[in-house]
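Numbering (the UniProt record's numbering), first residue to last: 1 to 126.
The beta carbon of each residue, even a glycine, is placed where N, CA and C say it ideally should be.
What follows is a single structure, written as structure tokens, with notes after it.
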């Protein structure tokens, strides 16, 4: 059911003309990624968050950052986020809107902590 909703609605509406619709789509995607990681927490779904980090409207970018914050809080998701992080880490840092920039700093801190903890627990030194 959720995969059908994703393919039938989300894939078409995440690029809607209205930024409110795009932001809602990203908010829902963030919820799906957390609630059903087996089906949604993969590169095929995460790429939408990465793409929308470049949206022209700051509320959409803000929603992307918040969705990502929710994912990076979950330690069991870190391994699945490695490729996404390597591809989109520059996009996560640059933002001209002050509200988004503040949230991006928080997200950057979370990402740094996650990968630092992973490296320390595996015996690697940074």
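Through-space distance from residue 114 to residue 149, alpha-carbon basis: There is simply no residue 149 to check, as the chain begins at 1 and stops at 126 in what is shown.
Candidates 30, 16, 19, 83: closest to residue 67 by CA position: Counting from one through the chain shown, the residue named residue 67 turns up at place 67. Comparing Cα positions, the closest option is 30.
Rounded straight-line distance, which links the Cα of residue 8 to that of residue 101: Locating residue 101 in the chain shown gives position 101, counting from the first residue. Locating residue 8 in the chain shown gives position 8, counting from the first residue. Their backbone Cα atoms lie some 32 Å apart in a straight line.
Under the three-state DSSP convention, the category residue 97 falls into: In the chain shown, residue 97 corresponds to position 97, counting from 1. Of the three classes helix, strand and coil, the one that applies to residue 97 here is coil, per DSSP.
Selected residue, minimal CA-CA separation from residue 78, among 90, 59, 112: Within the chain shown, numbered from 1, the residue matching residue 78 stands at position 78. Measuring from the Cα of residue 78, the nearest candidate turns out to be 112.
Proximity to residue 45 [Cα-Cα], best of 25, 58, 61: Translated into the one-based positions of the chain shown, residue 45 becomes position 45. The residue with the shortest Cα to Cα distance from residue 45 is 25.
Close Cβ partners of residue 14 (< 8 Å) along its chain, the five nearest in sequence each way excluded: For the purposes of this step, residue 14 is identified with residue 14 of the chain shown, where counting begins at 1. Around residue 14: 22, 25, 26, 29, 48, 52.
Alpha-carbon spacing of residue 12 relative to residue 18, whole angstroms: Taking the chain shown and counting its residues from 1, one reaches residue 12 at position 12. Taking the chain shown and counting its residues from 1, one reaches residue 18 at position 18. Taking the Cα positions, residue 12 is about 13 Å away from residue 18.
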